[in-house]
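Quick notes on the structure that follows.
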Amino acid sequence: MARAIVLRQLSMAPRSRAQLARKLRDRGCEDDVAARVLDRMTEVGLVDDEAYAEMLVRSKQSGKGLARKALAHELRKQGIDQEVAEEALEQVDGDDERAKAEELVAKKLRTMHGLAPDVQARRLAGMLARKGYSGELAWPVVRDAVNLAQEHQRD
1 MARAIVLRQL SMAPRSRAQL ARKLRDRGCE DDVAARVLDR MTEVGLVDDE AYAEMLVRSK
61 QSGKGLARKA LAHELRKQGI DQEVAEEALE QVDGDDERAK AEELVAKKLR TMHGLAPDVQ
121 ARRLAGMLAR KGYSGELAWP VVRDAVNLAQ EHQRD
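Just so it is clear: in the sequence shown, position 139 is 139 by the numbering used here, and no numbers are missing.
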């Protein structure tokens with residue numbers, strides 16, 4: 001029964017070992033049985049927290065534009081070990097993070113025509129903060145984008 005639950009979960013989407021253990025516990029599976037099944041699934045390569053963490057970081061960073069801080073939170077929430085999480089987060093360096101922040105700001109700024117520059121800046125900084133970007137990174141990116149926006153240029 002435990003093996004069938006794990007295989008069904010893995011057929012829907014990749015999962016971390018902690019997520020699978022939680023699912024087995026929710027379904028009433030005994031902890032020792034769950035541990036044996038998960039150990040076997042890890043042995044054969046069906047459960048791989050390192051690969052899962054790297055995939056999660058790649059997809060959340062490129063798709064949602066999450067910063068390292070938000071990615072670290074997401075990995076913790078999925079039950080990924082701290083060491084494994086740190087290794088996966090090494091994929092994202094400061095330059096990647098800044099480039100993604102600039103991309104997100106440019107995209108959002110296109111929808112904000114007609115708003116005062118301070119309103120645009122506040123909303124853009126808030127959007128980046130919700131995605132886990134620090135103020136030290138967000139404010140210079142926002143300031144540059146708002147100051148360089150066509151609508152704020154003097155003729």
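Using N, Cα and C, we set each Cβ at its ideal position, and we do this for glycine too.
All values reported here derive from a predicted model rather than from experimental measurement.
Alpha helix (DSSP H) segment containing residue i, residue limits
| i | result |
| --- | --- |
| residue 41 | 31-43 |
| residue 5 | 2-12 |
| residue 76 | 68-77 |
| residue 91 | Premise fails: residue 91 is in no alpha helix (DSSP H) and is neither H nor E. |
| residue 135 | 135-148 |
| residue 55 | 49-59 |
| residue 127 | 117-130 |
| residue 22 | 17-26 |
C-alpha distance - residue i paired with residue j, whole-angstrom precision
| i | j | result |
| --- | --- | --- |
| residue 66 | residue 131 | 5 Å |
| residue 23 | residue 33 | 13 Å |
| residue 148 | residue 26 | 53 Å |
| residue 127 | residue 40 | 43 Å |
| residue 106 | residue 118 | 16 Å |
| residue 62 | residue 104 | 11 Å |
| residue 35 | residue 86 | 25 Å |
| residue 94 | residue 54 | 17 Å |
| residue 8 | residue 58 | 24 Å |
| residue 116 | residue 90 | 38 Å |
Residue of the options minimising C-alpha distance to residue i
| i | options | result |
| --- | --- | --- |
| residue 77 | 96, 15, 64 | 15 |
| residue 84 | 50, 5, 20 | 50 |
| residue 88 | 40, 19, 68 | 68 |
| residue 92 | 117, 121, 123, 56 | 56 |
| residue 114 | 35, 146, 129 | 146 |
| residue 20 | 31, 28, 80, 6 | 6 |
| residue 44 | 81, 82, 3 | 3 |
Residues near residue i in its chain [Cβ-Cβ closer than 8 Å; skip 5 each side]
| i | result |
| --- | --- |
| residue 98 | 137, 141 |
| residue 42 | 17, 48 |
Nonlocal neighbours in the same chain, by C-beta distance under 7 Å from residue i, ignoring five residues either side
| i | result |
| --- | --- |
| residue 60 | 66, 71, 74 |
| residue 46 | 10 |
| residue 122 | none |
| residue 125 | 138, 139, 142 |
| residue 109 | 120, 124, 145, 149 |
Neighbourhood of residue i by C-beta distance below 6 Å, restricted to the same chain and skipping five residues each side
| i | result |
| --- | --- |
| residue 17 | 38, 47, 49 |
| residue 112 | 120 |
| residue 102 | 141 |
| residue 52 | 14, 16 |
| residue 133 | 67, 101 |
For this session: Answer yes if the segment 5-14 comes into contact with the segment 68-75, meaning at least three C-beta pairs across the two stretches below 8 Å, and no otherwise.
Result: no
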